[in-house]
Amino acid sequence: MTVSERAHELAIAAAQAAADKKAQDITIIDVGDQLAITDAFVLAAAPNERQVLAIVDAIEESLLELPEKAKPVRREGERGGRWVLLDYVDIVVHVQHTEEREFYGLDRLWKDCPTIPFVDRDLVEADASGSAAAE
């Protein structure tokens, strides 16, 4: 893994914020060996423009609440709400409408890069409470 600790922290926090807003198909790609400009891409999708923007807002709020606050140096695509890019230097977050996610296929484009595991904490908690109830 080539991502810095900071990039890993930001990527996981961004992915969790996206998951909290019901983003779909969340993926973290380690692009550090391929790109000099960033360590990781966080990809997330939503079925409509309003949800894309809600996910973007949640990610920004979440990263501002970290002990070492993070603000994007650049924010692109917000007006259309179909593909919003948040550039945090260490990571770049792409929140796309489901149709754009399928059409542009960033996952396929970067398929040779390793992914960073992410599991929604709500799913982990649900599994844990389901296991406890079954016992």
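Note that the sequence shown covers residues 3 to 137 in the numbering used here. Even for Gly, the Cβ is constructed at its ideal location relative to N, Cα and C.
Could you name the residues of the same chain whose beta carbon sits closer than 7 Å to that of residue 73, not counting the 5 residues immediately before and after it, in chain order? What you label residue 73 is simply residue 71 of the sequence shown in a count that begins at 1. Closer than 7 Å at the Cβ level, and outside the excluded window around residue 73, lie 66.
Over the uninterrupted alpha helix (DSSP H) stretch that includes residue 53, give me the two end residues. Position 51 of the sequence shown, counting from 1, holds the residue named residue 53. Going by DSSP, residue 53 is part of the alpha helix (DSSP H) stretching over 51-66.
Exposed unless 16 or more other CB atoms sit within 10 angstroms - verdict on residue 126: Taking the first residue of the sequence shown as position 1, residue 126 is located at position 124. It is exposed - the Cβ of residue 126 has fewer than 16 other Cβ atoms within 10 Å.
Inter-residue Cα distance where the pair is residue 21 and residue 56: As a first step, residue 21 is located in the sequence shown; it is residue number 19 there, counting from the start. As a first step, residue 56 is located in the sequence shown; it is residue number 54 there, counting from the start. Distance between the alpha carbons of residue 21 and residue 56 is about 11 Å.
Check each candidate in 7, 70, 95, 83 and name the one with the smallest Cα separation from residue 18. The residue you call residue 18 lines up with position 16 of the sequence shown. Measuring C-alpha to C-alpha distances from residue 18 to each of 7, 70, 95, 83 identifies 95 as the nearest.
Backbone CA spacing between residue 117 and residue 110 [nearest angstrom]: As a first step, residue 117 must be located in the sequence shown, where it is residue number 115. As a first step, residue 110 must be located in the sequence shown, where it is residue number 108. Rounded to whole angstroms, the separation of the alpha carbons of residue 110 and residue 117 is 12 Å.
Excluding the 5 residues flanking residue 88 on each side, which residues of the same chain have their C-beta closer than 6 Å to its C-beta? Locating residue 88 in the sequence shown gives position 86, counting from the first residue. Taken in chain order, the residues that qualify are 74, 77, 95.
Tell me which residues share the same chain as residue 115 and place their Cβ nearer than 8 Å to its Cβ, disregarding the 5 neighbours each side in the sequence. As a position in the sequence shown, residue 115 is number 113, starting the count at 1. Excluding positions up to five away in sequence, the list reads 31, 32, 33, 35, 36.
Start and end residues, beta strand (DSSP E) containing residue 29: Taking the sequence shown and counting its residues from 1, one reaches residue 29 at position 27. First-last of the beta strand (DSSP E) with residue 29: 26-32.
Element boundaries [alpha helix (DSSP H), containing residue 77]: The residue given as residue 77 occupies position 75 in the sequence shown. Per DSSP, residue 77 lies in no alpha helix (DSSP H) segment; the continuous beta strand (DSSP E) that holds it begins and ends at 76-78.
Taking the alpha-carbon of residue 99 as reference, which of 5, 91, 27, 123 has the nearest alpha-carbon? For this step, residue 99 is matched to residue 97 along the sequence shown. Of 5, 91, 27, 123, the residue nearest in Cα terms is 27.
Nearest CA to the CA of residue 103: which residue from 61, 44, 90? Counting from one through the sequence shown, the residue named residue 103 turns up at place 101. The option with the nearest alpha carbon to residue 103 is 44.
Residue nearest to residue 46 in terms of C-alpha spacing, selected from 90, 10, 107: Taking the sequence shown and counting its residues from 1, the one referred to as residue 46 is at position 44. Minimum Cα distance to residue 46 is reached at 107.
List the DSSP bridge partners of residue 112. Position 110 of the sequence shown, counted from the start, is the residue given in the question as residue 112. The partner list for residue 112 (beta bridge, DSSP) is empty, contrary to what the question assumes.
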